[in-house]
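Positions 11 to 171 (the numbering used here) are the ones given, in order, by the sequence shown. We put the CB at the ideal spot given by N, CA and C, even for glycine. For reference, the structure discussed in these notes is given below.
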Amino acid sequence: MISEQTKTLFDREVAKYPASQKQSAVMACLQIVQQEQGFVSAESEKLVAEYLAMAPIAVHEVTTFYNMYNQQPVGKYKLNVCTNLPCQLRDGSKALHHLEQKLGIAMGETTADGLFTLQQSECLGACADSPVMLVNDIHMCSFMSNEKLDQLVDGLKSAEA
């Protein structure tokens, strides 16, 4: 069920579009759900679909297309490493493997302490700066050598101490 607070936020997003185009607010509504719950569950997708008068599969397609929507709970720090071809040619895959070893998890997993989730992503639009990664879907990190990756992870860990 959608709370009144969430419905108010949805209404605000829907109001930005003509009445016949309220489905255009799907990304914003999914972001609202994720901010409240930490991820977008299948049940939440159905609620968004119902609210926007969309087919549930259409909402699911949006959720699964974009890396920014978490379909399951993630760690406090979500690390998305670009592994698209240009970044692979400039050590993107090596950066991902280094993080797997450093964190003791495989791509797609979350550390036991709940701090880090490691994911690969498609193009982050900074091919010349590769290897690149995105932290929590907000902070772009460029030229991520093993040393810089270690500094990032160690810095985030120390911020929790």
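With 16 other Cβ atoms within 10 Å as the buried cut-off, status of residue i
i, result
"residue 149", "exposed"
"residue 54", "buried"
"residue 95", "exposed"
"residue 154", "buried"
"residue 45", "exposed"
Under 7 Å between C-beta atoms of residue i and residue j
i, j, result
"residue 85", "residue 49", "no"
"residue 131", "residue 80", "no"
"residue 24", "residue 32", "yes"
"residue 83", "residue 105", "no"
"residue 61", "residue 20", "yes"
"residue 160", "residue 152", "no"
"residue 156", "residue 108", "yes"
"residue 143", "residue 89", "yes"
Member of the options whose CA lies at the smallest distance from the CA of residue i
i, options, result
"residue 123", "58, 170 and 20", "170"
"residue 36", "153, 14 and 70", "70"
"residue 93", "65, 117 and 73", "117"
"residue 112", "164, 145, 30 and 14", "164"
"residue 15", "114, 42, 64 and 144", "42"
"residue 38", "97, 52 and 59", "59"
"residue 34", "64, 133, 162 and 96", "64"
"residue 133", "98, 45, 52 and 51", "98"
"residue 115", "102, 129 and 103", "129"
"residue 66", "47, 45, 40 and 44", "40"
"residue 167", "137, 135 and 121", "121"
Enclosing beta strand (DSSP E) for residue i [first to last residue]
i, result
"residue 143", "143-145"
"residue 131", "126-131"
"residue 90", "87-92"
"residue 151", "149-151"
Enclosing alpha helix (DSSP H) for residue i [first to last residue]
i, result
"residue 103", "102-113"
"residue 10", "Because the chain here runs from 11 to 171, residue 10 falls outside it and cannot be looked at."
"residue 18", "14-24"
"residue 43", "36-47"
"residue 66", "66-75"
"residue 164", "156-170"
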